[in-house]
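Okay, so the sequence shown: first residue is 2 according to this note's numbering, each after it adds one. Structure first, commentary second.
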Amino acid sequence: MLRLMREHATSWLIKVFLFAIVVVFIFWGGGSYMEKKASRVAVVNGSYIGMLEYQDTYRNLVDQMRRQFGRQFSSELAETLNLKGQALDQLINRRLILAEAGMLKFDVSREELQNAIVSYPAFQTNGRFDPLRYQQALRYARLTPQEFEVSQRENLLIKKVEQFITRSTKVLESEMLSFFHHTRDRVNLTYVQIDPQDFKNQVKVDEEAVREYFENHRENYRLADKRNILYVRFVPRDYLAEVEVTDLEVEEFYQLRQDDYREPKKVRARHILFRISEKARTAEIQEILDRAKKVLELARKGDNFAELARKYSEDSTAAKGGDLGYFKSGDMVKPFADSAFSLKKGEISDLVRTRFGIHIIKVEDIKEEAVQPLAQVKGAVLKSLKEERSREIALQRAESFIDRSRALDDLQKAAAEEGLEVKESGLFAAAEPIPQLGRHPEINEIIFSLRLKEVSPVLGVGDDQVVAQLVEIQDSRLKEFAEAQEKVQEDWITEQSEVLARKQAQEWLETARQQRNLAEVARRNKLKINKTGLFTAISPAPLFGNQRDMVITAFSLTPEQPLPSEVYEVDGIFIILQLEDSQPASENEFQKDKNNLAKQLLQAKKEQTFSRWINGRRQQADIKMLQEL
């Protein structure tokens, strides 16, 4: 049931009709009535989590991420995000929170449940609850109203527990101020980079040291386990000709996916830009503001806006009278979009500050949000529906093929019976891409867990479904020194060059700290001096990579202590930093954004409070894994 829900959903969160239902299951992993007789993966204080419930939750998470990241989503990203762990965590948390609701004797009234359901925008027509759309969505998802309402009631209980746990959360003025400066203060750094590669020619090879390095790092020179598979690929497009759909099904599909055919609100505007450099001082900024105010007065007095843009704007659109054409809200930086989309046709904005400078905006035209009629998009709807059905057929054929392959204990024979093409991968390691199939860590994990001649479950490769049989195992072994000598020597030289580079970088840092002048040290040693440009702690310069400790250090530097006490390493390159400039956010900005900051910080503190509470409950709970995932 949930698999079908997943396969029929294509938009982010509740942007589509169906996903408004699925979100109930995605965040918390499905109702407790699911698959009671399924195999069990874990038990939480005596409450079992079934394998099918877990699999549905995991697959929904994968589908959710695929919607969010689009083509950027990959198996590697799924592994990095630990979606398997997230799925199990959601189910465990659900059990614990619902148990807490029971102890607190919380309940959900029929009226509360009805209000929650009728408030779903996905179940409404022209802002009012539409029973027909509600039933249509549930029927399409193969859910009964009772099933949906059980899960919805549980989610309302979960919400009540969360509100109860976080009810006393407050935000202090000092916390707001600290948060404000953390997110708005900016610094500019100078830095030099020391590359260990530049020190390799200083390393003299010592045969005895190289052999000793090999003995101390034997595991680095292990030949990996490898596997070879035969497989059959089920491609959805091969089944498109089998798909037949009715006009009613097209209509239902269109109704459920209206957001896919929704044209968002668009605005056509002109603007006049007064650029402000990141390095601009207060006096210079004030001068630009004064100029912008004078031009704004001219525009509001009725001077031709396009001519003013040609004369004063410092943007590339000046030659076109500042015309930006039609754009969606998300096409522009937030302050600009917020202002433009709040104006009526013909209105002129106040001065708007963005990272580019100061803008004056005039709205020339507005196209309101609208859903394209079915007649206009029927071809696209039909294509999407057929593609979805073809994916279902491919999955069904793959599942049927697994049964036959296992019955015969021979994938090739089963394929020959059905006239399917069999391919052989050739040997590959667990960390390597599978030849012809690509890099899919979760598939490699399954393949390497199979016994010789065992047939796999269905393996998803993009939209395709793959069934594989393990036909060869090559066991791991340690290389002898002679086999690995060239690589060992290269690794030893790399290690020694890193030692030399770090030592030299530390010496240069000490000299720069004594002189409080990194530029002079760089000049004497022919090092290139670089600048980060102004950045905030929450949007650090690319130089920092994921080094949060380096960012913290950057914002702790002062004119009196402009250099840190240590050299940093990012991606194998050693870095020496020095404070060039700092620009604290102003008190005026704080007062202006105080209310928004309070809301943001309160929400963050509530999430933190609830997270701490649930972690405490997990530590106290009796949680047992019953099988590996």
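All C-beta atoms in this analysis are idealised placements derived from N, C-alpha and C, irrespective of residue type, glycine included.
What residues match up with Asn531 in a beta bridge as DSSP calls it?
Tyr192
Thinking C-alpha only, which one of Pro237, Trp493, Glu443 is nearest Arg212?
For Arg212, the closest of Pro237, Trp493, Glu443 by C-alpha to C-alpha distance is Trp493.
On the three-state DSSP scale, how would you describe Ala542?
coil
Please find out if some non-hydrogen atom of the ligand NAD comes closer than 7 Å to the beta-carbon of Leu344.
In the structure shown, the ligand NAD is absent, as is every other ligand, since no ligand is present at all.
If you scan the region 374-414 from start to end, which runs of the alpha helix (DSSP H) of 4 or more residues do you find wholly inside it?
375-409
Would DSSP call Ile349 helix, strand or coil?
strand
Could you tell me the boundaries of the alpha helix (DSSP H) in which Pro501 lies?
Going by the sequence as given, residue 501 is Leu instead of Pro. Start and end: 482-516.
Do the region 389-403 and the region 280-295 make contact, defined as three or more Cβ pairs closer than 8 Å?
no
So, with DSSP's three-state summary, where would you put Trp29?
Because the pLDDT at Trp29 is just 38, under 50, the model does not fix this residue reliably, and the point stays unresolved.
Assign Thr58 to one of two classes, buried (16 or more other C-beta atoms within 10 Å of its C-beta) or exposed (fewer than that).
buried
For Ala307, which residues of its own chain have a beta-carbon under 6 Å away from its beta-carbon, when the five flanking residues on both sides are left out?
Gly322
Which residues share a DSSP beta bridge with Val467?
According to DSSP, Val467 bridges with Arg234, Leu460.
Starting from Ile423, follow the alpha helix (DSSP H) in both directions and report where the run begins and ends.
First, the residue type needs correcting, since residue 423 is Val and not Ile in the sequence shown. Where Val423 is concerned, there is no enclosing alpha helix (DSSP H), given that its DSSP letter is neither H nor E.
Would DSSP call His182 helix, strand or coil?
helix
Using the rule of at least 16 other Cβ atoms within 10 Å of the residue's Cβ for burial, across every protein chain shown, is Asp64 buried or exposed?
With 16 or more other Cβ atoms inside 10 Å of its own Cβ, Asp64 counts as buried.
Determine the DSSP secondary structure at Arg143, reduced to helix, strand or coil.
coil
Touch check for the region 614-629 and the region 82-101: three-plus C-beta pairs under 8 Å?
The region 82-101 and the region 614-629 touch, with three or more beta-carbon pairs separated by less than 8 Å.
Which first and last residues belong to the beta strand (DSSP E) in which Arg269 is found?
267-276
In terms of alpha-carbon separation, which member of Val568, His183, Val472 lies closest to Asp410?
Val472
So if DSSP puts Gln579 in a beta bridge, which residue, or which two residues, is it bridged to?
Thr191
Using CA atoms only, rank isn't needed, just tell me which of Leu82, Leu92, Lys529 is closest to Gln56.
Leu92
Spatial neighbours of Ser612 within its chain, please: C-beta separation below 8 Å, excluding the five flanking residues on both sides.
Counting only Cβ-Cβ distances below 8 Å, and skipping sequence neighbours, we find nothing.
Suppose you measure from the CA of Ala502 to the CA of Glu581; what does that come to, to the nearest Å?
24 Å
Can you tell me whether DSSP reads Ile624 as helix, strand or coil?
Strand.
Helix, strand or coil for Ile22? Go by DSSP, reduced to three states.
Note that Ile22 has pLDDT 40, beneath the 50 cutoff, so the model's placement of it is unreliable and the number below is only indicative. Ile22: helix per DSSP, three-state reduction.
Quick one: any contact between the region 294-314 and the region 372-382, if contact means 3 or more CB pairs under 8 Å?
Too few Cβ pairs lie closer than 8 Å, so no.
How should Tyr327 be labelled, buried or exposed, when 16 other C-beta atoms within 10 angstroms of its C-beta is the threshold for buried?
exposed
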